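In what follows, a structure is listed as structure tokens, so that the remarks can point back to it.
There are 2 protein chains.
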Amino acid sequence: MNRKEFRDLASPDEAREAIDSLSLEGGVERVPLEDARGRVLVARLDAELDVPGFDRASLDGYALRARDTFGADEADPARLEIVGAVHAGEKPDVALAEGQAAEISTGAVMPDGADAMVPVERTDTDADGSEVLVRTSVAPGDNVMFAGADVAAGERVLGPGTTITPRDIGLLSALGIDEVPVRAKPRVGIVSTGDELVRPGEALESSRGEIYDVNSYTIAAGVEDSGGEAVLYPHAGDEQSEMEEILRTAADECDLVLSSGSTSASAVDVIYRVIEEQGELLLHGVSVKPGKPMLIGRLDDSAYVGLPGYPVSAMMVFRTFVAPAIREAAGVPEPASSTVSGRLARQERYEEGRHRLMPVGIVTNGDGETLVYPVDKGSGATTSLADADGVVEVGPETDYLEAGEPVTVTLFSPDVRPPTLFAVGEDDPTFARLLDGLENPRYLSVGSRPGLRRLRDGVPDAAVVTGPAEPDFEAVELGRWEREWGLVVPAGNPAELEGLADLVDRDLRFVNRTTDSGLRSSLGAAVADLAEQRGVDRHDIVDAIDGFDLGLRAHESPARKVIAGDADAGLGLRETADRLDLGFVPLGDQPIRVLANPDRTEKEGVRELEAALSDVSSAQR
Amino acid sequence: MNRKEFRDLASPDEAREAIDSLSLEGGVERVPLEDARGRVLVARLDAELDVPGFDRASLDGYALRARDTFGADEADPARLEIVGAVHAGEKPDVALAEGQAAEISTGAVMPDGADAMVPVERTDTDADGSEVLVRTSVAPGDNVMFAGADVAAGERVLGPGTTITPRDIGLLSALGIDEVPVRAKPRVGIVSTGDELVRPGEALESSRGEIYDVNSYTIAAGVEDSGGEAVLYPHAGDEQSEMEEILRTAADECDLVLSSGSTSASAVDVIYRVIEEQGELLLHGVSVKPGKPMLIGRLDDSAYVGLPGYPVSAMMVFRTFVAPAIREAAGVPEPASSTVSGRLARQERYEEGRHRLMPVGIVTNGDGETLVYPVDKGSGATTSLADADGVVEVGPETDYLEAGEPVTVTLFSPDVRPPTLFAVGEDDPTFARLLDGLENPRYLSVGSRPGLRRLRDGVPDAAVVTGPAEPDFEAVELGRWEREWGLVVPAGNPAELEGLADLVDRDLRFVNRTTDSGLRSSLGAAVADLAEQRGVDRHDIVDAIDGFDLGLRAHESPARKVIAGDADAGLGLRETADRLDLGFVPLGDQPIRVLANPDRTEKEGVRELEAALSDVSSAQR
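Chains as they are written, first to last, in UniProt numbering: chain A, 1 to 621; chain B, 1 to 621.
The structure is reproduced here in structure tokens:
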């Protein structure tokens with residue numbers, strides 16, 4: 001390939017071919033048997049010995065010569081001389097001649113001369129123990145497990161490519177094999193670039209625009225899920241020589257280097273330059289969404305893939321293009337049966353003509369059918385995959401999917417369980433606690449009004465709403481409770497706030513919630529009341545409150561601004577103030593209600609929710 | 001419960017209840033984020049911060065006040081003063097007033113005063129870079145990701161019981177969480193008892209009846225598969241005080257102790273006594289096959305389960321009763337969708353009235369239907385599970401299953417892939433090598449005659465046969481080749497054997513193969529020829545060969561007896577002699593043929609085999 005081909009975006013198939021053309025294999029290593037589970041054998045193993053290694057008594061009884069029991073029965077037992085005894089783990093010190101027997105225990109070595117054994121239950125011994133009476137006749141080989149009957153020396157035991165199960169470990173143990181040659185896991189170096197990245201656990205300076213490094217740990221977990229060994233490199237800032245050194249060290253130590261891009265153009269430049277000088281760029285840019293800015297090439301002797309910087313894009317590209325190549329190199333089979341069929345819950349338009357990898361959630365409707373809804377918080381979102389169950393792929397020729405269209409969801413893993421309950425709406429600490437008692441719920445705190453809208457559109461099972469908004473569609477109330485709202489202020493209420501009027505009349509900094517929130521709606525109603533009381537326009541009140549227009553999405557964020565000293569008061573709940581040891585000025589109580597889609601009331605998760613809610617409601621009575 | 005209840009065997013449900021009544025849980029531990037994949041969260045995690053932590057520019061361009069762009073378009077751009085620049089990872093050092101803008105890069109912090117941004121593509125700057133012309137109008141919030149838009153502080157992030165996926169690791173990273181509280185894996189101590197057991201890797205003295213310890217490693221792998229942590233204890237001989245000490249140490253250090261029984265009665269006695277003195281026996285003996293001799297109880301503060309000694313029984317009991325309890329304690333969900341429906345390939349009788357756990361293999365017939373066949377090498381077999389794909393459970397009331405009966409197979413794991421080719425028959429080194437090139441074949445070396453019989457009965461796809469036996473049913477020959485057979489002798493042939501006559505006429509120890517083997521059949525024909533040559537009865541020849549009656553099952557075992565000095569000659573192949581650096585006295589060539597079930601010739605694995613065979617056949621031409 002040469003440079004000019006990069007003008008056009010490559011197709012997904014071309015990207016797969018380019019990755020397939022790289023070698024990610026990690027070679028061979030020998031691992032002890034106790035670490036062999038799940039590893040992939042590289043060579044055929046043949047039995048070097050017989051299992052069992054000797055003719056083995058299957059029961060407790062007497063070893064003897066079968067022909068000496070010919071015709072024996074209860075009435076006419078054969079009488080044999082007892083010439084010794086053999087126990088498990090002992091070398092026999094007797095050999096049998098005609099008319100002789102030896103006591104033998106289960107698992108013991110059959111003595112020379114014996115060709116069968118009889119269980120003790122079918123025998124008696126005479127008074128002095130010198131003779132045994134055998135009350136049955138046996139054939140040669142009866143109750144004896146012959147050497148090699150289980151596994152025979154020279155037998156092909158396990159073939160190359162076998163993924164070692166606990167059962168295979170049993171087989172290897174039986175053969176005395178304590179070390180096996182397996183495919184080394186491909187070593188995958190992970191380099192995140194960007195001056196703004198901070199490793200989790202370290203302090204974050206948000207005012208400088210720092211963000212936690214999401215890609216390193218997520219991609220590392222994905223690498224290990226795919227059978228690779230992840231190696232995290234210290235993340236590179238945008239300084240060129242440092243980044244070059246990290247990339248080349250990773251290439252030297254690993255079979256594959258994955259970088260996930262800084263948003264800065266200079267980082268991309270460095271990567272380009274290093275790959276051009278020290279390797280080969282095979283492909284630049286793939287016609288998929290998300291994931292367009294993808295690089296595939298070689299760096300020194302290592303394979304190299306550059307992932308997009310946005311975490312959702314990075315993970316989708318990793319899953320679609322890189323994980324299969326790592327599995328292939330690791331010899332790990334594609335995960336089985338991980339698709340679900342369903343119907344799209346709402347129409348989807350997409351007209352850019354790129355192959356689309358659409359993260360989706362799934363929910364079961366009242367008839368037990370699977371509804372599939374796209375999960376998307378925008379391309380900058382780092383976390384939306386945690387709310388998704390899998391991916392629907394849509395070809396570039398499709399620019400419109402109808403609601404109800406049948407689609408196939410590839411689950412993120414065969415272990416993915418769709419949520420038993422899917423609820424949306426107001427963020428509320430009581431409800432959050434209640435979810436802890438349910439099995440596998442999903443909750444998206446989108447606010448009361450968007451929650452109502454989504455419930456109306458038929459996707460979630462239930463919505464949590466508060467404030468004046470009423471549903472204009474049929475919904476079943478599963479439960480309700482009251483919560484106290486007001487102003488969260490510093491501990492001890494140093495500014496001595498008494499109510500909303502203080503925010504209007506005094507020079508205090510306030511932090512509001514967004515208009516999606518039911519709390520904001522209740523505040524709006526209180527503002528209207530105050531305006532009426534004073535005989536002024538509502539806007540006059542609003543304009544007089546410093547910060548009324550600045551709404552934060554999270555129910556705790558105003559309280560946190562108060563803690564940080566950025567505000568004198570924030571809209572919030574008594575529960576939040578109590579938990580964060582802050583002061584609280586009550587402005588009212590508001591009912592919070594849980595409404596269900598009428599079609600879903602018989603769904604198990606909804607019934608569990610209803611039961612849990614009845615405890616909350618009755619606790620308040 | 002008290003002692004008298006043990007007179008009767010407990011039902012499988014009673015055994016499950018007894019295990020459920022024990023506590024196996026391992027408590028809580030904190031693990032670093034990089035080790036959290038697959039672990040189970042014990043507590044709800046709420047967001048302690050907003051993600052992003054600041055209002056974030058989504059593109060490269062200019063931050064501005066939306067109202068300054070009102071009415072702007074291509075023809076009539078808004079003209080704003082450029083007062084500074086903000087890059088990712090930097091704290092803004094500007095604040096915008098009316099009519100002002102700041103250059104901003106993707107991911108950077110929006111400066112104070114700005115409420116929207118416009119992408120660079122929709123702007124121009126004037127000649128000296130002091131002003132920007134904005135050729136579009138934007139609304140407040142356009143191209144800005146607000147603080148908390150992705151995750152809002154206080155939001156419920158992950159619930160207790162969540163099994164952490166790579167996607168969840170992304171979410172946790174974004175929140176800066178580098179350590180999470182997870183369920184500790186239940187520690188499971190494994191104690192194998194029996195003087196005859198030797199750990200894999202150590203030298204085995206077969207003549208003393210020693211065998212490798214299969215259960216320890218197999219059960220340990222099963223424990224880890226189920227989400228537990230396996231702790232192997234030095235295996236206990238039958239010496240009482242030693243065994244007691246090991247059991248009590250294990251009970252002290254672990255949440256569950258699993259012993260797998262010695263076959264000796266004294267070991268059972270010690271376990272009984274220790275449990276009675278230091279714990280409680282809840283249940284003794286379960287009505288399942290295999291697995292009857294099972295103990296459930298407590299030992300000091302640990303749970304205790306005694307597994308049967310035979311590896312296949314131990315593993316079946318472990319899977320059925322113990323693994324689900326470990327998964328439950330570890331918080332690991334039951335593996336999903338791991339059943340396959342099929343039809344029983346042959347009738348099965350079983351009249352003991354116990355609940356039966358029947359290990360089975362599966363094979364696809366020519367119509368794509370799944371045939372299910374029991375896998376059983378007898379109760380002493382250690383390795384038969386490696387040839388099985390799953391288990392069919394049969395209730396105690398069922399004593400007869402017809403061939404063709406529909407059954408449900410619970411696969412050993414969701415990863416189990418039924419073999420692409422199932423072949424049986426003669427053990428042959430050429431064929432064993434050829435299998436290495438196929439994907440996931442299964443081969444049971446049962447010998448030529450049993451192989452033919454099984455092929456006739458319609459279970460395997462193909463059989464490998466040699467010797468005079470001809471199929472009396474329709475079969476398709478997929479390929480054939482010749483192999484040279486004869487007497488394997490010590491290197492250099494020190495006894496100067498020239499042929500079969502030497503075994504008859506001289507005092508030499510010979511080792512034969514079993515009558516199932518095609519080699520044995522060819523030897524039989526050679527014996528008949530020699531008898532005819534000499535004009536004597538066949539029996540006279542046979543009786544004159546020392547060892548003719550002693551047949552070993554494995555194709556390499558006679559050669560290994562020669563190496564060990566236990567025999568002067570063994571029946572075998574030139575290929576075996578060459579590989580083991582032994583001498584060889586040829587007695588003839590025999591054709592070895594691969595025959596297929598006519599219904600399976602279109603099956604992919606059979607076609608692959610045929611292709612591989614054509615290479616072997618043509619190499620001989």
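Where is the CB? At the ideal position from N, CA and C, for every residue including glycine. Since the structure is predicted, the reported quantities are computational estimates derived from the model, not experimental observations.
Counting beta carbon pairs with one atom in the region 381-396 of chain B and one in the region 421-432 of chain B, are three or more of them shorter than 8 Å? no
Between which two residues does the alpha helix (DSSP H) holding B/Ala558 run? Here residue 558 of chain B is taken as the residue at index 558 of the second sequence, counted from 1. In the sequence as displayed, the identity of residue 558 of chain B is Pro instead of Ala. 557-563 is the extent of the alpha helix (DSSP H) around B/Pro558.
Roughly how many angstroms lie between the CA atoms of A/Asp20 and A/Pro12, to the nearest whole one? In the first sequence, the residue the question calls residue 20 of chain A occupies position 20. In the first sequence, the residue the question calls residue 12 of chain A occupies position 12. Rounded to the nearest angstrom, the two C-alpha atoms are 12 Å apart.
Member of A/Met316, A/Asp568, A/Arg56 whose CA lies at the smallest distance from the CA of A/Val392: Reading the first sequence from its first residue, position 392 is the one you call residue 392 of chain A. With distances taken between Cα atoms, A/Val392 lies closest to A/Met316.
Do the CB positions of A/Ala462 and A/Val372 come within less than 7 Å of each other? Sequence index remark: in the first sequence, residue 462 of chain A carries index 462 (1-based). Sequence index remark: in the first sequence, residue 372 of chain A carries index 372 (1-based). Against a cut-off of 7 Å, the Cβ pair of A/Val372 and A/Ala462 comes out as no contact.
Just curious, the alpha helix (DSSP H) that A/Ser313 is in, first and last residue? Within the first sequence, the letter at position 313 stands for residue 313 of chain A. From DSSP, the alpha helix (DSSP H) with A/Ser313 extends over 311-317.
Do you know how far the Cα of B/Glu352 is from the Cα of B/Asn2? Numbered from 1 along the second sequence, position 2 holds the residue referred to as residue 2 of chain B. Numbered from 1 along the second sequence, position 352 holds the residue referred to as residue 352 of chain B. Only weak support is given to the placement of B/Asn2: the predicted model assigns it a pLDDT of 37, under 50, and the value that follows is read from those uncertain coordinates. If you take the alpha carbons of B/Asn2 and B/Glu352, they lie about 26 Å apart.
Can you tell me where the beta strand (DSSP E) holding B/Gly161 begins and where it ends? Mapped onto the second sequence, residue 161 of chain B falls at position 161. No residue range can be given for B/Gly161, since it is assigned to no beta strand (DSSP E) and is classified by DSSP as neither H nor E.
Give the DSSP bridge partners of B/Tyr62, in chain order. Taking the first residue of the second sequence as 1, we reach residue 62 of chain B at position 62. According to DSSP, which records beta bridges pairwise, B/Tyr62 is partnered with B/Glu103, B/Val118.
Mind listing which residues of the region 200-222 of chain B have their C-beta closer than 9 Å to chain A's C-betas, in chain order? Pro200, Gly201, Glu202, Ala203, Leu204, Glu205, Ser206, Ser207, Arg208, Gly209, Glu210, Ile211, Tyr212, Asp213, Val214, Asn215, Ser216, Tyr217, Thr218, Ile219, Ala220, Ala221, Gly222
For the alpha helix (DSSP H) holding A/Glu328, just list the boundary residues, first then last. In the first sequence, residue 328 of chain A corresponds to position 328, counting from 1. Judged by DSSP secondary structure, A/Glu328 falls within the alpha helix (DSSP H) whose first and last residues are 323-330.
Pull up the distance between the alpha-carbon of A/Gly176 and that of A/Val31, whole angstroms please. Looking up residue 176 of chain A in the first sequence gives position 176. Looking up residue 31 of chain A in the first sequence gives position 31. Rounded to whole angstroms, A/Gly176 to A/Val31 spans 14 Å at the Cα level.
Beta-bridge pairing of B/Ala423 - partner residues as DSSP gives them: Position 423 of the second sequence, counted from the first residue, corresponds to residue 423 of chain B. DSSP lists B/Tyr443, B/Ala462 as partners of B/Ala423.
Name, please, each residue of chain A whose Cβ falls closer than 9 Å to the Cβ of B/Arg44. The residue labelled residue 44 of chain B in the question sits at position 44 within the second sequence. Chain A residues near B/Arg44: Ala432, Arg433, Leu435, Asp436.
Residues in the region 175-198 of chain B with C-beta within 8 Å of chain E's C-beta atoms, listed in sequence order? The displayed structure is made up of protein chains A and B, and chain E is not among them.
Spell out whether any CB of chain A is found under 7 Å from the CB atom of B/Ile326. The count along the second sequence starts at 1 and reaches residue 326 of chain B at position 326. Chain A, which has no Cβ nearer than 7 Å to the Cβ of B/Ile326, makes this no.
For A/Glu155, would you say it is in contact with chain B, using Cβ-to-Cβ distances shorter than 7 Å as the test? By 1-based counting over the first sequence, the position of residue 155 of chain A is 155. At least one chain B Cβ lies under 7 Å of A/Glu155.
Short Cβ contact (7 Å threshold) for B/Lys91 with A/Arg208: By 1-based counting over the second sequence, the position of residue 91 of chain B is 91. By 1-based counting over the first sequence, the position of residue 208 of chain A is 208. A/Arg208 sits close to B/Lys91, with the two beta carbons spaced by under 7 Å.
Using a Cβ cut-off of 7 Å (strictly closer), state whether A/Ala114 contacts chain B. To locate residue 114 of chain A, count along the first sequence from 1; it is residue 114. Cβ-Cβ to chain B under 7 Å: no for A/Ala114.
Going by C-alpha distance, which of A/Pro234, A/Gly107, A/Glu103 is nearest A/Pro52? Position 52 of the first sequence, counted from the first residue, corresponds to residue 52 of chain A. Ranking the options by Cα distance to A/Pro52, first place goes to A/Gly107.
Sort A/Leu232, A/Ala554, A/Glu470, A/Ala569 by Cα distance to residue 687 of chain A and report the nearest one. Residue 687 of chain A lies beyond the residue range present for chain A, which begins at 1 and ends at 621; the question has no answer from this structure.
Counting Cβ pairs, one atom from each stretch, are 3 or more of them under 8 Å apart for the region 303-318 of chain B and the region 331-347 of chain B? no
Using a Cβ cut-off of 8 Å, which residues of the region 575-598 of chain B contact any Cβ in chain A, in chain order? Thr576
Suppose contacts are defined by Cβ-Cβ distances below 7 Å. Is residue 626 of chain A in contact with A/Leu299 by that definition? Lying before the first or after the last residue shown, residue 626 of chain A is absent from chain A, which here runs from 1 to 621.
Nearest-angstrom beta carbon gap, B/Leu421 and B/Leu609 [assumed within contact, 8 Å]: Within the second sequence, numbered from 1, the residue matching residue 609 of chain B stands at position 609. Within the second sequence, numbered from 1, the residue matching residue 421 of chain B stands at position 421. The pair is a contact, with the Cβ atoms about 6 Å apart (cut-off 8 Å).
What three-state label does DSSP hand B/His355 in the structure shown? Position 355 of the second sequence, counting from 1, holds the residue named residue 355 of chain B. Residue state, collapsed to three classes: strand.
Outcome for A/Ala75 when other beta-carbon atoms lying within 10 angstroms are tallied against a minimum of 16: Against the first sequence, residue 75 of chain A aligns to sequence position 75. Looking at its Cβ environment, which holds fewer than 16 other Cβ atoms inside 10 Å, A/Ala75 is exposed.
For A/Leu401, does the three-state DSSP call read helix, strand or coil? Residue numbering aside, residue 401 of chain A sits at position 401 when the first sequence is read from its first letter. Here A/Leu401 sits in strand by DSSP.
From the DSSP output, which residues share a beta bridge with B/Val46? If you number the second sequence from 1, residue 46 of chain B lands on position 46. According to the sequence provided, residue 46 of chain B is Asp. The question's Val does not apply to it. DSSP output for B/Asp46 lists B/Arg156 as bridge partner(s).
Taking 6 Å as the limit between beta carbons, can you name the residues of its chain near A/Glu179, skipping five residues before and five after? Against the first sequence, residue 179 of chain A aligns to sequence position 179. Closer than 6 Å at the Cβ level, and outside the excluded window around A/Glu179, lie Arg30, Pro32.
Applying the 10 Å Cβ sphere with the 16-neighbour rule, what's the burial state of B/Ser105? The residue you call residue 105 of chain B lines up with position 105 of the second sequence. Burial call: buried.
Taking beta-carbon pairs under 9 Å, can you tell me which members of the region 394-428 of chain A lie near chain B? Phe412, Ser413, Pro414, Asp415, Val416, Arg417, Asp427
Nearest-angstrom Cα separation, counted from A/Glu397 out to A/Glu14: Numbered from its first residue, the first sequence carries residue 14 of chain A at position 14. Numbered from its first residue, the first sequence carries residue 397 of chain A at position 397. The alpha-carbon of A/Glu14 is positioned some 17 Å away from that of A/Glu397.
Residues bridged to A/Thr364 (per DSSP): Locating residue 364 of chain A in the first sequence gives position 364, where the first residue counts as 1. Its beta-bridge partners are A/Thr370.
Looking only at C-alpha atoms, which of B/Ser216, B/Ala95, B/Gly170 sits nearest to B/Gly84? Walking along the second sequence from the start, residue 84 of chain B turns up at place 84. Here the closest residue by C-alpha is B/Ala95.
How big is the Cα-Cα spacing for A/Arg135 and A/Gly148? In the first sequence, the residue the question calls residue 135 of chain A occupies position 135. In the first sequence, the residue the question calls residue 148 of chain A occupies position 148. Each residue's Cα considered, the two are about 30 Å apart.
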